[in-house]
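Trainee: Protein sequence lines correspond, in order, to chains L and P. This note's numbering numbers the first residue of the first sequence as 1 and each following residue consecutively. This note's numbering numbers the first residue of the second sequence as 189 and each following residue consecutively. Questions regarding the structure given below will be posed in turn.
Protein chains: 2
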Amino acid sequence: MTPYATPPLLVAFCGSDHGPWRMTGMHAVRGEPLPPAERVWIGEGREIVAPADSRWTLRGTTSHIRYTNGDELGALQRRQAGLGRPQARRAALIPISKSAEWWAMPQDARRQVFEETSQHIAIGLDYLPAVARRLHHGRDLGETFDFLTWFEFAAEDEPAFDAMLERLRATREWDYVTRECDIRLERA
Amino acid sequence: MTPYATPPLLVAFCGSDHGPWRMTGMHAVRGEPLPPAERVWIGEGREIVAPADSRWTLRGTTSHIRYTNGDELGALQRRQAGLGRPQARRAALIPISKSAEWWAMPQDARRQVFEETSQHIAIGLDYLPAVARRLHHGRDLGETFDFLTWFEFAAEDEPAFDAMLERLRATREWDYVTRECDIRLERA
Chain L
1 MTPYATPPLL
11 VAFCGSDHGP
21 WRMTGMHAVR
31 GEPLPPAERV
41 WIGEGREIVA
51 PADSRWTLRG
61 TTSHIRYTNG
71 DELGALQRRQ
81 AGLGRPQARR
91 AALIPISKSA
101 EWWAMPQDAR
111 RQVFEETSQH
121 IAIGLDYLPA
131 VARRLHHGRD
141 LGETFDFLTW
151 FEFAAEDEPA
161 FDAMLERLRA
171 TREWDYVTRE
181 CDIRLERA
Chain P
189 MTPYATPPLL
199 VAFCGSDHGP
209 WRMTGMHAVR
219 GEPLPPAERV
229 WIGEGREIVA
239 PADSRWTLRG
249 TTSHIRYTNG
259 DELGALQRRQ
269 AGLGRPQARR
279 AALIPISKSA
289 EWWAMPQDAR
299 RQVFEETSQH
309 IAIGLDYLPA
319 VARRLHHGRD
329 LGETFDFLTW
339 FEFAAEDEPA
349 FDAMLERLRA
359 TREWDYVTRE
369 CDIRLERA
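Laid out in structure tokens, this is it:
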């Protein structure tokens with residue numbers, strides 16, 4: 001999986017009565033929750049037509065990497081799994097926004113918080129290849145959420161996934177998170 | 189001027205018969221030129237309606253800073269001027285795209301080429317406050333051009349602006365530029 005060498009892919013996640021993922025829970029970790037929905041429908045590409053019954057549509061684009069250095073990228077690429085594995089019947093969609101203070105920081109200050117202090121990449125590496133992930137950026141699209149991260153894992157790895165989130169949410173990076181929803185899903 | 193602390197602003201540049209900037213020249217530095225036009229019209233915001241006669245519309249969004257560190261940001265903020273100065277009656281719009289190789293590089297490798305090797309920020313600082321600029325990102329929007337940079341300067345500073353471009357285009361960073369147009373304008 002080399003997601004970063006490919007052109008940006010626009011992805012829409014829709015809370016709907018339709019779609020291949022059944023919502024099993026939603027937790028508003030910080031800020032407002034999203035309206036409930038039975039299913040999540042996912043569309044890729046710029047000509048997406050969301051299901052007419054969608055309660056909400058969240059859009060984001062894959063992009064080039066923003067903080068990861070060469071050594072870290074090598075470690076990630078050696079260990080990470082792609083989306084769509086047959087055994088990965090559980091998923092999570094975690095939309096996040098960060099504060100104006102975060103976005104006003106220069107690159108070195110954001111990197112300092114992201115990895116040198118909070119070890120975001122290092123924590124994530126501990127859960128590879130069990131947890132596959134794809135990051136989508138919404139901020140420059142004018143979306144409500146700055147980031148949409150999509151995770152896929154097997155049912156038996158959900159406790160490990162929860163442990164990963166607990167570690168990440170305890171970091172200094174999360175002081176800059178202003179809104180976070182944690183949506184859990186299983187293949188319908 | 190603190191452009192980086194504000195939310196992303198979507199901007200459209202249209203080659204049209206209308207608009208406040210008259211095109212005085214266009215040079216295809218690398219790759220295909222754009223179709224000629226009399227004027228450039230500029231619209232800001234997500235509800236932009238481009239002039240019906242537009243030959244082309246280029247879109248990009250202001251965003252957070254991608255490479256600049258804290259010391260560099262301080263130096264830029266102390267010296268840079270804003271857009272719209274009465275004496276700045278000349279402008280340039282320079283759309284650029286970079287190669288797939290550039291976009292696949294990890295953050296530290298891009299920063300190495302951008303500043304440690306090519307001194308992109310340091311070169312730009314030499315021309316402040318004479319040359320005001322605003323950078324717009326198009327890649328994650330699915331646009332043809334990865335970057336649209338808008339520059340404003342007084343007529344007597346255009347030779348210095350040309351010298352700046354010559355220095356930038358001689359750097360290793362420009363080895364990754366796959367397409368570049370240089371559009372010159374004056375207030376109509």
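Ideal Cβ placement from N, Cα and C applies to all residues, glycine included. None of the values given here were measured: they were computed from a predicted structure.
(1) Which same chain residues, not among the five before or five after Ala-280/P, have their C-beta less than 6 Å away from its C-beta?
(2) Would you say the beta carbon of Ile-284/P comes nearer than 7 Å to a heavy atom of the ligand GTP?
(3) Bridge partners of Glu-232/P, per DSSP?
(4) Which one of Phe-201/P, Arg-218/P, Thr-249/P has the shortest CA to CA distance from Met-211/P?
(5) Starting from Gly-258/P, trace the alpha helix (DSSP H) both ways and give me its first and last residue.
(6) With distances taken between CB atoms, is the gap from Ala-318/P to Arg-227/P smaller than 8 Å?
(7) Cα separation between Leu-73/L and Pro-294/P?
(8) For Arg-184/L, go through chain P and note every residue whose CB falls closer than 7 Å to its CB, in chain order.
(9) Measuring alpha carbon to alpha carbon, tell me which of Gly-138/L, Pro-36/L, Ile-121/L ends up nearest Leu-165/L.
(10) Going along the chain, which residues of the segment 137 to 150 of chain L sit with their C-beta nearer than 9 Å to a C-beta in chain P?
(11) Does the Cβ-Cβ distance between Pro-95/L and Leu-135/L come in under 8 Å?
(12) By DSSP, does Gly-213/P sit in helix, in strand, or in coil?
(13) What does the alpha-carbon distance come out to for the pair Ser-63/L and Arg-139/L?
(14) Shorter than 8 Å from the beta carbon of Thr-366/P to some beta carbon of chain L?
(15) Confirm, please, whether the CB-CB distance from Ser-285/P to Thr-366/P is below 8 Å.
(16) Quick check: is the beta carbon of Ser-287/P nearer than 8 Å to any beta carbon in chain L?
(17) Residues of chain P with a CB under 7 Å from the CB of His-120/L: which are they?
(18) Examine chain P for any beta-carbon lying closer than 8 Å to the beta-carbon of Ser-16/L, and answer yes or no.
(19) Give me the Cα-Cα distance between Gly-60/L and Glu-344/P, rounded to the nearest whole angstrom.
(20) Helix, strand or coil: which one does DSSP assign to Asp-53/L?
(21) So which residues on chain P does Leu-10/L lean against when the C-beta distance must stay under 7 Å?
(22) Pairs of beta-carbons, one from the segment 26 to 46 of chain L and one from the segment 79 to 88 of chain L, closer than 8 Å: are there three or more?
(23) Output needed for Pro-8/L: all residues of its chain with C-beta closer than 7 Å, excluding positions within five of it in sequence on either side, in chain order.
(24) Is it true that the CB of Pro-223/P sits closer than 8 Å to the CB of Trp-244/P?
(25) Any Cβ of chain L within less than 8 Å of the Cβ of Trp-388/P?
(26) To the nearest angstrom, report how far apart Asp-53/L and Pro-20/L are at their CA atoms.
(27) Taking Leu-261/P as the query, report the chain L residues whose CB atoms sit under 7 Å from its CB, ordered along the chain.
(28) Using the beta-carbon of each residue, which ones in chain P are nearer than 7 Å to Gly-70/L?
(29) Return the chain-ordered list of same chain residues with a C-beta closer than 7 Å to the C-beta of Ala-348/P, the five sequence neighbours on each side being excluded.
(30) Output the boundary residues of the alpha helix (DSSP H) element that contains Glu-289/P.
(31) Go to Glu-152/L, then tell me how far its beta strand (DSSP E) extends in each direction, as first and last residue.
Mentor: To lay it out plainly:
(1) Phe-339, Arg-372
(2) Absent from the structure shown: the ligand GTP. Ligands present: none.
(3) Val-199/P
(4) Phe-201/P
(5) 258 to 267
(6) no
(7) 7 Å
(8) None at all; the shortest Cβ gap to chain P is about 28 Å.
(9) Ile-121/L
(10) His-137, Arg-139, Asp-140, Leu-141, Gly-142
(11) no
(12) Here Gly-213/P sits in strand by DSSP.
(13) 12 Å
(14) no
(15) Taking a C-beta distance under 8 Å as the contact criterion, Thr-366/P and Ser-285/P qualify as a contact pair.
(16) no
(17) Simply none; closest approach about 13 Å.
(18) Answer no: the Cβ-Cβ gap between Ser-16/L and chain P never drops below 8 Å.
(19) CA-to-CA, the gap between Gly-60/L and Glu-344/P works out to about 44 Å.
(20) Assigned with DSSP and collapsed to three states, Asp-53/L falls in coil, not helix or strand.
(21) Gly-330
(22) No, because fewer than three Cβ pairs between the segment 26 to 46 of chain L and the segment 79 to 88 of chain L fall closer than 8 Å, the two stretches do not touch.
(23) Thr-61, Thr-62, Ser-63
(24) yes
(25) Shown here, chain P extends from 189 to 376; a query on residue 388/P therefore has no answer.
(26) In this structure, the CA atom of Asp-53/L is about 15 Å from the CA atom of Pro-20/L.
(27) Pro-106
(28) Pro-294, Asp-296, Ala-297
(29) Tyr-315, Ala-318
(30) 288 to 292
(31) 147 to 153
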